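Let me begin by presenting the structure, written as C-alpha cells, before commenting on it.
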Amino acid sequence: MPEEVNVLSGDPMQEKQGKGRKVVFLIFAVLLILAGIVFYLLNKKSSVLEGSANSAAVAATDTGELLEDTLAKIGNIIALPENEKPALLIVNDPEKLRGQPFFDKAKVGDQVLIYQQARKAILYDPLVNKILEVAALEFPPAAMKESVVEDATDAIPTETQE
Numbered sequence: 018m019p020e021e022v023n024v025l026s027g028d029p030m031q032e033k034q035g036k037g038r039k040v041v042f043l044i045f046a047v048l049l050i051l052a053g054i055v056f057y058l059l060n061k062k063s064s065v066l067e068g069s070a071n072s073a074a075v076a077a078t079d080t081g082e083l084l085e086d087t088l089a090k091i092g093n094i095i096a097l098p099e100n101e102k103p104a105l106l107i108v109n110d111p112e113k114l115r116g117q118p119f120f121d122k123a124k125v126g127d128q129v130l131i132y133q134q135a136r137k138a139i140l141y142d143p144l145v146n147k148i149l150e151v152a153a154l155e156f157p158p159a160a161m162k163e164s165v166v167e168d169a170t171d172a173i174p175t176e177t178q179e
C-alpha cells in the first residue's frame, strides 16, 4: 500500500524555503520603502534650495533695477562716467563710517556709486534726490585687481567736490 503524504504539513525543507522567501521579500519591501523615503526627502531638499536660489535671483534683479533707476536720477543732476558700470552700495550703518569725511552726511538708505576706472565715488540720498558728496578714489593695490569694490570702507576718498 502506498504511503499517505500529508499535503498540509509538507516537507520541512519546503517550509524553510518558504520562510526564507518571505524574509527576502520583506527585506526587499523595506529597502524599497526606505529608498522611496530618501528619494522624496532629497527632492524636497533640492526644491527648497531652488526656491532660495530663485529668491536670490529676484534680489539680484531688484538690485539691477535699483542701479538703473539710481543712474537715471543721478544722471539728471551730474554727468556720470561713461562706458563703466558702477558698483552700487547702500549705507546700512553710517556710524561705522563716521571716521571718513566722505560719509559724514550719510544716513541709512543712502546710496554710494563707485566707479573704479574713473576713480570716483558719489554719495546720493534717494529720498531728497540730492547728491551729498563726490570724491576721487584711491584704491589699495589689492583692490585694483577686483572688478567690484565690495566694501565702501575699502575706498578712501582723497578729494571732496560739491
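Positions 18 to 179 (our numbering) are the ones given, in order, by the sequence shown. The beta carbon of each residue, even a glycine, is placed where N, CA and C say it ideally should be. Computed from a predicted structure; not experimentally measured.
Here A123 is near L114, since their CB atoms are less than 9 Å apart. By the neighbour-count criterion, in which a residue is buried when 16 or more other Cβ atoms sit within 10 angstroms of its Cβ, E101 is exposed. Taking all protein chains shown into account, L144 has fewer than 16 neighbouring C-beta atoms within 10 Å of its C-beta and is therefore exposed. DSSP lists K147 as the bridge partner or partners of D142. Within a 10 Å sphere around the beta-carbon of I54 sit fewer than 16 other beta-carbons, which makes this residue exposed. The C-beta of L140 has 16 or more other C-beta atoms within 10 Å across all chains shown, which makes the residue buried. Between A96 and F119, the C-beta spacing is not below 9 Å. For a cut-off of 8 Å, the C-beta gap from V108 to D127 is around 4 Å, short enough to register as a contact.
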